[in-house]
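K.L.:
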Amino acid sequence: MKKYILKRLLQMIPIMLGLSLLVFCLMYISPGDPATKKLNAMGIEASPEAIEKTKEEMGLNRPIIVQYMSWLGNMLKGDLGESYHNGMKVGELLKKASGYTFTLALSSLFIALLVSVPLGILTAVKKNRFIDYFIRFFSFFGNSMPNFLISVILMYLFSIKIKLFPVIADSSVKGLFLPAMALAIPLASRFVRQIRAQVLEELDKPYVQGAYARGVKNNIVLYNNVLHNCLSPIITLVGLSIGTLMGGSVVVETIFRWSGLGKLVMDSITYRDYPVIQAFVIYMALIYCVINLITDISYHKLDPRVKTYGGTK
Amino acid sequence: MKIKKVLALLLIACMLFALCSCGKKEEKADAHLNVAVSFAYQALDPHLDYCGWNTSMYGICESLFKIDASSTAKPFLLEKAENDGTKWTLTLKDGVKFSNGNKLTADMVRRNLLRAAEVNNRFEYLAGFNYEVVDEKTLVVDTRELLPTLPSDLASPELGMIDLDSTTDFVNNPICTGPFVPVAFTPTGDCEVKRNENYWGGKVTLEGAKFFYLADDESKLYAMQNGEIDVYNSVSAAAREVYSQDPDTYKLVTIPATRLQFYCLNENRLDDSLRRAITLIIDKDNLAEFQNGTVSTTDGPFSRNAAYGKVNVPKTDVAAAKELLEKDGYKLNGDGYYEKDGKVLELKICYYQARQLPTIATALDDQFRKAGIKTVLQSEEDPDATYVKTGDFDIALYCMIADKAGDPYFGLDAMFRQSSKWAIGGFKSDEVETLLDELKVETDTAKRAELANKIVQLVVDEDAFGFLGLFTKTTVLRKGVSGYAENIPFDFYGLEATSTKE
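Heads up: the protein sequence lines correspond to chains A and B, in order. One point on numbering: in my numbering, the residue at position 224 of the first sequence is 213, and numbering is uninterrupted. If you count the second sequence from 1, you need to add 717 to reach my numbering.
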């Protein structure tokens, strides 16, 4: 297993470097430059001399490959550079934003799982009954509603009408609840549908029919066998969702003024803030790779038939 | 009986105490203002990037000049500013001091201007001036070339005064001259300020204020409705509707501001009569209507109220436009579009996704189609790197602050100079160039306005540019709140010594 983990970690290096090079090149192909964006940020036209001097200071007049290599060299030394837009340390910006995003992602995932696992099982067990239709209707509803609409509805209900939460939230638990809910609702809706499908698939399998024929109790079959066998696909789902959530949700973060990664990277793209974008790409690639690795390892732990190294048995 | 009297007295005392407590509590609570702001910067250091905009808005920092409601830069920290050719004698007011009690001196002003030149490339030109400190209150600035716009430049919030000797934390706690001092600041986030007890300008009414960084319009509306904020500007059209329905709770103040929506017609691709026809077709009132009162129509780049905003523009006349086109050989085809030599007349309108330009592009598309001209709408992410750079447009939409600080030169220079980026549209006028040179050095305000009007008239007469609208500055204030620079058309003013909350 250790060898496998080491191998996977080594495989990450070319993936991340390739990705960063790709993003670096794409950013330079796209029109616009950070110096002009920075100086004209408030709609005041800067003089060509000021733009040229800023470009020089930012090192934007150097060849692209030199800029990339310089960035890469610094990154390997642990220096992610400074933001072109506001001069702040990229490492600090990422650290601060990912703290917020991590909290928000885990909270919304926790809420989503708390709701979707029992509801998913319930809809499968009560297939084509009223409760199944009822839950599925809401899961379609939650899945199809855009994030900004859910956010605004939640804010209207809980802040304006019931006055339970403030509109201007801080990073406390109270401030976290509404943005977490806004992300958890569509997530739980998707989970319910997928868990239902998975449980139904398992329920149709011969071992379940056999267990019932042998007189094993319904709950034992459901919780000891069916649910256990459904765990692998659910874990994949959760793993992928963590990746998506860590990327941040710009809309939710903006509405609830949650200073997470999504908002940071969107602002950085707007201002052509290459150092932040580069660091974000590397960071996200790393997160996805690590989550994939954890997911693969957990497959093996949950189902020893799945061999994590050297193929499957 | 006695007991009853004692009880009654005790009860009255309790009630009086409760009333007094209530009064005290209310006064304390009322003295704080909660404000939503749409931009947040990395530092409170006014000299850095655009940070000064917020530092000024927070009431922390002040500049030598201040722009008033009529867009005129007036001496503020200065007693007077006298001009003799390239020399400006700046005399500081008596008793101007920083929040720590230190005096603002002429030498400190000099050092501040040089620091701004050093850390902000937009103000690098200040380093080229010659500064002579005559005495503690007098500074002579030799601009080396005539620079009548110096007062406007010195009114920029980026040129706010800091006590450079005492400030140790420029990011979080610059020591300035404003009516408020920072209490807590989060880079690119919120800021809390309290009254400057040493304020040189007299009594500061409010005890303090908190500025919340809220970028989303809906969030600002809900926070206002929920009583979490008391005032903000840049109110959206939808929120205006809501506030205007409840005048007992909210006061809306709308004034024309300085952000200009305009278009450039490409003279390299459109001949004179076609450009005139386009000018005649465009209905500015209709465009403003589409934007739900967030812009007011304009004739030139500046407000009609300004002395340098007087220009005659042709009125919308679609029939006259059609006549021009037909005289030029265009004929309506079966689809209802004009064509010449078998080629359908098609205009490429370029725009970008900001400042309501997509709305304008869509409305223009409608206006042109109705007049028989086909259009192709092209949206770009970065105009400066695409159509403004390549010139691949018939009509280029753009938005910028034309009136930076109460003077026309900056905007006209940025748009109409032969060396400006807009020369890509083919507009070249030696007369305009000469007038711009004159405007650059003209010191008489009335003559400056006259020159500016002449320049814009020449541009308008050539149908090189068209000026669609000026964004309005709309401020919403909770009832009882006043003095949040709601009548000044610049975004960088806000909290003042006289800001109140009843």
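Heads up, the beta-carbon is just placed ideally off N, CA and C, and yes, glycines get one too.
Once you ignore the five residues that flank residue 1236 of chain B on each side, which residues in its own chain have a CB closer than 7 Å to its CB?
P.N.:
For chain B, the structure presents residues 718 to 1219; residue 1236 of chain B sits outside this window and is missing.
K.L.:
At the level of alpha carbons, what is the spacing between residue 73 of chain A and residue 874 of chain B?
P.N.:
To locate residue 73 of chain A, count along the first sequence from 1; it is residue 84. To locate residue 874 of chain B, count along the second sequence from 1; it is residue 157. If I take the Cα positions, the gap works out to 22 Å.
K.L.:
Please list, in chain order, the residues of the region 1113 to 1142 of chain B that have any C-beta partner in chain A closer than 7 Å.
P.N.:
Those residues of the region 1113 to 1142 of chain B that come within reach of chain A (Cβ to Cβ, closer than 7 Å) are 1116, 1117, 1118, 1121, 1131.
K.L.:
Taking the alpha-carbon positions, what's the residue 4 of chain A to residue 895 of chain B distance?
P.N.:
Looking up residue 4 of chain A in the first sequence gives position 15. Looking up residue 895 of chain B in the second sequence gives position 178. Taking the straight line from one Cα to the other gives about 53 Å.
K.L.:
Helix, strand or coil for residue 1038 of chain B? Go by DSSP, reduced to three states.
P.N.:
Position 321 of the second sequence, counted from the start, is the residue given in the question as residue 1038 of chain B. Note: residue 1038 of chain B maps to helix in three-state DSSP.
K.L.:
Is it buried or exposed for residue 22 of chain A, if we count other Cβ within 10 angstroms and need 16 for buried?
P.N.:
Within the first sequence, numbered from 1, the residue matching residue 22 of chain A stands at position 33. Classification of residue 22 of chain A: buried, given that the 10 Å Cβ count is 16 or more.
K.L.:
So, is the C-beta of residue 942 of chain B closer than 7 Å to a C-beta in chain A?
P.N.:
Sequence index remark: in the second sequence, residue 942 of chain B carries index 225 (1-based). Yes, its Cβ sits closer than 7 Å to a Cβ of chain A.
K.L.:
Could you tell me which of B:1069, B:1087, B:1011, B:803 sits nearest to residue 1192 of chain B, measuring between CA atoms?
P.N.:
For the purposes of this step, residue 1192 of chain B is taken as the residue at position 475 of the second sequence. Looking at the Cα atoms, B:1011 is the closest of the given residues.
K.L.:
Just to confirm, is the Cβ distance from residue 1041 of chain B to residue 994 of chain B under 7 Å?
P.N.:
In the second sequence, counting from the first residue as 1, residue 1041 of chain B sits at position 324. In the second sequence, counting from the first residue as 1, residue 994 of chain B sits at position 277. Contact: yes.
K.L.:
Considering Cα atoms alone, identify which of B:950, B:1074, B:941 is closest to residue 1115 of chain B.
P.N.:
Here the question's residue 1115 of chain B lines up with position 398 in the second sequence. When each option's Cα is compared against that of residue 1115 of chain B, the closest is B:1074.
K.L.:
Is residue 1179 of chain B helix, strand or coil by DSSP?
P.N.:
Here the question's residue 1179 of chain B lines up with position 462 in the second sequence. Three-state result, residue 1179 of chain B: coil.
K.L.:
Are the beta-carbon atoms of residue 1108 of chain B and residue 1120 of chain B separated by less than 7 Å?
P.N.:
Here residue 1108 of chain B refers to the residue found at position 391 when the second sequence is read from its first residue. Here residue 1120 of chain B refers to the residue found at position 403 when the second sequence is read from its first residue. No, the pair does not count as a contact, with Cβ atoms beyond the cut-off.
K.L.:
Flag residue 39 of chain A as yes if its beta-carbon sits less than 7 Å from any beta-carbon of chain B, otherwise no.
P.N.:
By 1-based counting over the first sequence, the position of residue 39 of chain A is 50. Yes - at least one Cβ of chain B is within 7 Å of the one on residue 39 of chain A.
K.L.:
Could you pull the DSSP bridge partners for residue 792 of chain B from this structure?
P.N.:
As a first step, residue 792 of chain B must be located in the second sequence, where it is residue number 75. DSSP output for residue 792 of chain B lists B:782 as bridge partner(s).
K.L.:
Less than 7 Å between the C-beta atoms of residue 948 of chain B and residue 925 of chain B, yes or no?
P.N.:
Counting from 1 along the second sequence, the entry for residue 948 of chain B is found at position 231. Counting from 1 along the second sequence, the entry for residue 925 of chain B is found at position 208. No, Cβ-Cβ distance for residue 948 of chain B and residue 925 of chain B is not below 7 Å.
K.L.:
Would you say the region 85 to 96 of chain A touches the region 247 to 262 of chain A, given that touching needs at least three Cβ pairs under 8 Å?
P.N.:
As far as the Cβ criterion goes, the region 85 to 96 of chain A touches the region 247 to 262 of chain A, which means the pair count is three or higher.
K.L.:
Near residue 1158 of chain B, which residues of its chain fall below 7 Å by C-beta distance, leaving aside the five closest residues on each side in sequence?
P.N.:
Residue mapping note: residue 1158 of chain B aligns to position 441 of the second sequence, counting from 1. Taken in chain order, the residues that qualify are 863, 865.
K.L.:
Using a Cβ-Cβ cut-off of 7 Å, state whether residue 915 of chain B counts as contacting chain A.
P.N.:
Taking the second sequence and counting its residues from 1, the one referred to as residue 915 of chain B is at position 198. No, because no Cβ of chain A sits closer than 7 Å to the Cβ of residue 915 of chain B.
K.L.:
Whose Cβ in chain B lies nearer than 8 Å to the Cβ of residue 27 of chain A?
P.N.:
Residue 27 of chain A sits at position 38 when you count from the first residue of the first sequence. Chain B residues near residue 27 of chain A: 766.
K.L.:
Starting from the beta carbon of residue 141 of chain A, find every residue of chain B whose beta carbon is closer than 7 Å, and list them in chain order.
P.N.:
Locating residue 141 of chain A in the first sequence gives position 152, counting from the first residue. Correct list: 935.
K.L.:
Identify the contact partners of residue 145 of chain A in chain B, using a Cβ-Cβ distance below 8 Å as the criterion.
P.N.:
Here residue 145 of chain A refers to the residue found at position 156 when the first sequence is read from its first residue. Ordered by position in chain B, the residues that pass the 8 Å Cβ test against residue 145 of chain A are 939.
K.L.:
For the beta strand (DSSP E) containing residue 978 of chain B, list its first residue and its last residue.
P.N.:
Against the second sequence, residue 978 of chain B aligns to sequence position 261. Start and end: 967 to 982.
K.L.:
How is residue 232 of chain A classed by DSSP in three states: helix, strand or coil?
P.N.:
By one-based count along the first sequence, residue 232 of chain A stands at place 243. It is helical.
K.L.:
Does the Cβ of residue 743 of chain B have 16 or more other Cβ atoms within 10 Å, making it buried, or fewer, making it exposed?
P.N.:
Here the question's residue 743 of chain B lines up with position 26 in the second sequence. Only weak support is given to the placement of residue 743 of chain B: the predicted model assigns it a pLDDT of 41, under 50, and the value that follows is read from those uncertain coordinates. Exposed, because fewer than 16 other Cβ atoms sit within 10 Å of the Cβ of residue 743 of chain B.
K.L.:
Quick check: residue 1068 of chain B and residue 149 of chain A, are their CB atoms within less than 7 Å of each other?
P.N.:
Your numbering for residue 1068 of chain B matches position 351 in the second sequence. Your numbering for residue 149 of chain A matches position 160 in the first sequence. No, they are not a contact pair.
K.L.:
List the endpoints of the continuous beta strand (DSSP E) containing residue 1238 of chain B.
P.N.:
The question about residue 1238 of chain B has no answer here: the residues shown for chain B are numbered 718 through 1219.
K.L.:
Short check: CB of residue 158 of chain A to CB of residue 245 of chain A, under 7 Å?
P.N.:
Residue numbering aside, residue 158 of chain A sits at position 169 when the first sequence is read from its first letter. Residue numbering aside, residue 245 of chain A sits at position 256 when the first sequence is read from its first letter. Cβ distance < 7 Å, so residue 158 of chain A and residue 245 of chain A count as in contact.
K.L.:
Report back the beta-carbon spacing between residue 986 of chain B and residue 969 of chain B to the nearest angstrom; my notes put them in contact at under 8 Å.
P.N.:
Taking the first residue of the second sequence as 1, we reach residue 986 of chain B at position 269. Taking the first residue of the second sequence as 1, we reach residue 969 of chain B at position 252. About 43 Å; that fails the 8 Å criterion.
K.L.:
Looking at chain A, is there any beta carbon in it that lies within less than 7 Å of the beta carbon of residue 945 of chain B?
P.N.:
Your numbering for residue 945 of chain B matches position 228 in the second sequence. Yes, because at least one Cβ of chain A sits closer than 7 Å to the Cβ of residue 945 of chain B.
K.L.:
List, in chain order, every chain A residue whose beta-carbon is nearer than 7 Å to that of residue 929 of chain B.
P.N.:
Residue mapping note: residue 929 of chain B aligns to position 212 of the second sequence, counting from 1. Those are 157, listed as they occur along chain A.
K.L.:
Check the Cβ of residue -3 of chain A against every Cβ in chain B and list those closer than 7 Å, keeping chain order.
P.N.:
Here residue -3 of chain A is taken as the residue at index 8 of the first sequence, counted from 1. Neighbours of residue -3 of chain A on chain B: none; closest Cβ ~36 Å, over 7 Å.
K.L.:
Please compile the residues from chain A whose C-beta is within a distance smaller than 7 Å of the C-beta of residue 839 of chain B.
P.N.:
By 1-based counting over the second sequence, the position of residue 839 of chain B is 122. By Cβ distance, chain A contributes 28, 35, 39.
K.L.:
Based on DSSP bridge pairs, tell me the residues matched to residue 247 of chain A.
P.N.:
Here residue 247 of chain A is taken as the residue at index 258 of the first sequence, counted from 1. Looking at the DSSP assignment, residue 247 of chain A forms no beta bridge with any residue, so it has no partner.
K.L.:
Could you check which residue in B:861, B:1112, B:1190, B:1004 has the C-alpha nearest to that of residue 1080 of chain B?
P.N.:
Here residue 1080 of chain B corresponds to residue number 363 of the second sequence, with the count starting at 1. Ranking B:861, B:1112, B:1190, B:1004 by Cα distance to residue 1080 of chain B puts B:1004 first.
K.L.:
Exposed or buried, residue 217 of chain A, counting other C-beta atoms within 10 Å across all chains shown (16 or more means buried)?
P.N.:
One-based indexing of the first sequence puts residue 217 of chain A at position 228. Residue 217 of chain A comes out exposed.
K.L.:
To the nearest angstrom, report how far apart residue 1160 of chain B and residue 140 of chain A are at their CA atoms.
P.N.:
Here residue 1160 of chain B refers to the residue found at position 443 when the second sequence is read from its first residue. Here residue 140 of chain A refers to the residue found at position 151 when the first sequence is read from its first residue. Those two C-alpha atoms are separated by around 55 Å.
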